[in-house]
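Since the structure comes first, as structure tokens, the remarks are kept for the end.
Protein chains: 2
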Amino acid sequence: MTGDFQHLLSQRTQSMQRNQIREILKVVSQPGMVSLAGGIPAPETFPIEELYKINEAVLDRYGAAALQYDRTEGFAPFLEALAGYLAGKGIDAAADELLVFNGSQSVLDTLGKVLLSPGDCIALESPSYLGALSAFGAYQPSYISIASDAEGIVPEALATALEQHAIKFIYLVTTFQNPTGRTMSRERRQQIADIVKRMNALVIEDDPYSDLRYRGEAVPALQTFAPDNTVYVSTLSKIFAPGLRLGFCLAPGLIRDWLYTAKQGADLHSNTYAQALATEYICGDYIARQIPKIIALYAPRQAAMLGAMDAHIPAGYRWIKPEGGMFIWIEGPPGVDGEALYWRAVEQKVAFVPGKYFYINPADGLSTMRLNFTRVDEGTIEAAIATLGQVIRENSHD
Amino acid sequence: MTGDFQHLLSQRTQSMQRNQIREILKVVSQPGMVSLAGGIPAPETFPIEELYKINEAVLDRYGAAALQYDRTEGFAPFLEALAGYLAGKGIDAAADELLVFNGSQSVLDTLGKVLLSPGDCIALESPSYLGALSAFGAYQPSYISIASDAEGIVPEALATALEQHAIKFIYLVTTFQNPTGRTMSRERRQQIADIVKRMNALVIEDDPYSDLRYRGEAVPALQTFAPDNTVYVSTLSKIFAPGLRLGFCLAPGLIRDWLYTAKQGADLHSNTYAQALATEYICGDYIARQIPKIIALYAPRQAAMLGAMDAHIPAGYRWIKPEGGMFIWIEGPPGVDGEALYWRAVEQKVAFVPGKYFYINPADGLSTMRLNFTRVDEGTIEAAIATLGQVIRENSHD
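Protein sequences, first through last, are from chains G and E.
The first sequence runs contiguously to residue 399 in the working numbering.
The second sequence runs contiguously to residue 399 in the working numbering.
Rendered as structure tokens:
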């Protein structure tokens, strides 16, 4: 039969899965739905007016160079700009130690490609960022969940896992984690760094959210405690525009070299024009004005959500109060079914993400829920949380 | 020893190779070098003045939507625009049958990811586009070269190979091929289509150059002869701007579905802003004015090269005269060493690509050379070919 190509699929294709959050989000596009489900920036945070000027500056300054094939590692002025941006976060990086990718998702995919043979083991905090599992999954790994508490991954649990298993790398979102919002404490970072250095382990530190800090003091990247053992991954998606797909990494030499080679085969290089826009965004100091605007939009939304939760979410439910990021994580009492609550809430036109999808073993997170506060205004958030509280109360009689 | 991560590399990483053409091109950046080596567009072909207007139109029309996360398959208006563009080439595609990638290189990489398990066999014309081997190589395939003549791959040789080997797909650049410049004839396309349909085989038709036709009549894409058996791959790199990394494909349903899933895990989606720029470039009819300008720049350059070759390249060397594209391919008489000629020519400040790098078995192409005519003006081309003729004559006395 012509066109039946099932037999042509690779073994790895069998282990690929559609991003389940994206599938669930399909109902979110129904008219009138209030979505606390996504993890995407508010469009009001995009510097659209500024982009008229930034575009002109890019065409004036770089001309054809912004439109031509370019080096695999990244547009040279952008690498310089990124090094400066990272210095401002206390991360010591030379331009030639960085690599630019199509969003941080593409860094994770390429790390999987370079590091993972089928069956290789990845250590994860629990719960974990689902998109990373979607990237790594194509390379047929196995996963081991490391116990985590309010400060992040538990050092003793990590040390034991590294002793007992051949772990290719440890994947962590260290600050304002997706999905929990939690931040690994400074002391915990030092402990984790000591362990990975002692055991010559490799950490992938994914850091998309640390600029979205609404209060409290910045914590240095885990990378700064163990630079030779960390691949630091970040993105401009949350502080410029995700549609530009500008992710990047700072990696130890050997890993960087192979990421470069893999990227050369996979897509030659990342979008030159987007990199030139970002160069102007950073060097023209737009970023220094834009981040405070983004924070000024998100901080009251987070405060509104936390306030409404205090008022409306019944006793027995717990949540931490992150100092930044995009998410609040709720754990219900034992027996609560977060996905059942999801479908009831959707009937009332409020959507969130059932937390079990962020677990390797979904049974570990049946009672959990992830709420996003960046996309809707304070009044809408307060009404949505009131609705969610009502849904929870109605369903606790079941 | 901390930082020694050699043991962490995947099995597939061992089979990755740096793009050898890029390594050779390093000497090309020496001052005063005339490069006939690259395969990149002349910067004069980029519509820079128009982009000032296109940028404004995109920000006016799409605003935040051009900067936001988007669907994995591509920016909806761009998919519509592409369907219209393909209709103009006689290719029948609905917007929802297309997928957008980061350049056609990324389509090839993702096809490899979805289709290739280690050891799987790919059939190639000989010589072949090196970048494709660089994409597929990461998935540890084996290759089989199919005999090719001036009209492209030889039908009987393909049929025999399909009978004797389990071939995952056949990779072909059907029009103005890189590196040879040759175009598969209409009759040959029909013969190849009949074979792949009869044997339920899958063809990847890579078509980056067909719009660069300087004379003669367009030949319909192989895809139009065997739509259920062809993944049609193309790009806007040669007719808009390669730095925007806009590749795309039209694939049979099952293959498209898995490409979608693989892309979702690999990078979520392609650059929204670049897709919006390309939408405006196509729908604002800029493309209809720009392609003739590109042709008006390249056609005389090709004519200058072919004329100079008639005048300066010694007897015994053969080349076809392509009706378009970016390359002229020279085959020297037996015993000629194209790489030795390369280094002698580089001493005289003229660079090209030794053709052996385009062969699975480099020994099959020792006497061959690829010349690009798109980057330098007619006078420079004539002088460079005169120099090359001189180098050839001097080295034929060895």
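All C-beta atoms, glycine included, are put in the ideal place defined by N, C-alpha and C.
Keep in mind it's a predicted model, so treat the numbers as computed, not measured.
For residue 330 of chain E, DSSP records a beta bridge to E:371. By the 16-neighbour rule on beta-carbons within 10 angstroms, residue 330 of chain G is buried.
Per the C-alpha coordinates, the member of G:170, G:202, G:220 positioned closest to residue 152 of chain G is G:220. In the three-state DSSP reduction, residue 126 of chain G falls in the strand class (E or B). With a threshold of 16 other beta carbon atoms within 10 Å, residue 320 of chain E meets it and is buried.
Across the region 229-249 of chain G, CB contacts with chain E closer than 7 Å involve 229, 230, 242, 243, 244, 245, 246, in sequence order along the chain.
Within chain E, no residue has its beta carbon less than 8 Å from that of residue 180 of chain G; the closest one is some 17 Å off. In this structure, residue 176 of chain G and residue 130 of chain G do not form a Cβ contact; the two beta carbons are roughly 12 Å apart against a cut-off of 8 Å. Within the region 56-81 of chain E, contact with chain G at the beta-carbon level (separation under 7 Å) is assigned to 56, 57, 60, 64, 65, 67, 68, 69, 70, 71. Counting C-beta atoms within 10 angstroms of its own C-beta, residue 216 of chain G has fewer than 16 neighbours from the protein chains shown and is therefore classed as exposed.
Taking 8 Å as the CB threshold, residue 41 of chain G lines the interface with chain E.
Judged by DSSP secondary structure, residue 100 of chain G falls within the beta strand (DSSP E) whose first and last residues are 99-103.
Between residue 114 of chain E and chain G, the shortest Cβ-Cβ separation is below 8 Å. Taking CB atoms only, residue 311 of chain E has no neighbour in chain G less than 8 Å away. Per DSSP, the unbroken beta strand (DSSP E) holding residue 146 of chain G starts and ends at 143-147.
Beta-bridge partners assigned by DSSP to residue 355 of chain E: E:370. Taking C-alpha positions only, residue 39 of chain E is separated from residue 162 of chain G by approximately 50 Å.
For the region 202-245 of chain E, the full-length alpha helix (DSSP H) segments reaching 4 residues or more read 223-226 along the chain.
Between residue 131 of chain E and chain G, the shortest Cβ-Cβ separation is not below 8 Å. Cβ contact annotation for residue 383 of chain G (same chain, cutoff 7 Å, sequence separation greater than five): 305, 309, in chain order. Within chain E, the C-beta atoms nearer than 9 Å to that of residue 169 of chain G come from 9, 11, in chain order.
In terms of beta-carbon proximity, residue 6 of chain G lines the interface with chain E, with at least one pair separated by less than 8 Å. Per the coordinates, the alpha-carbon of residue 248 of chain G lies some 33 Å from the alpha-carbon of residue 212 of chain E. Interface with chain G (8 Å Cβ-Cβ cutoff): residue 256 of chain E is included. Per DSSP, the continuous alpha helix (DSSP H) segment holding residue 198 of chain G begins and ends at 187-199. The C-beta of residue 114 of chain E has 16 or more other C-beta atoms within 10 Å across all chains shown, which makes the residue buried. Burial state of residue 394 of chain G is exposed, judged by a 10 Å Cβ sphere holding fewer than 16 other Cβ atoms. If you keep only unbroken beta strand (DSSP E) runs of at least 3 residues inside the region 281-338 of chain G, you get 328-332. Going by beta carbons, residue 147 of chain G and residue 193 of chain G fall outside the 8 Å limit. The beta carbon of residue 336 of chain G sits closer than 8 Å to the beta carbons of 368 from its chain, once the five residues preceding and following it are set aside; these are given in chain order. With its beta carbon at least 8 Å from every one in chain E, residue 162 of chain G lies outside the interface. Taking 8 Å as the cut-off, the Cβ atoms of residue 355 of chain G and residue 332 of chain G do not count as close. Against residue 44 of chain G, the close residues of chain E are 64, 65, 66, 68, 69, in the order they occur along the chain (beta-carbon pairs closer than 9 Å). If you ignore the 5 residues before and after residue 363 of chain G, its C-beta comes within less than 8 Å of the C-beta of 357, all in its own chain and listed in chain order. In terms of Cβ geometry, residue 205 of chain G and residue 241 of chain G do not form a close pair [threshold 8 Å]. A residue is called buried once 16 or more other Cβ atoms fall within 10 Å of its Cβ, and residue 165 of chain E, having fewer, is exposed.
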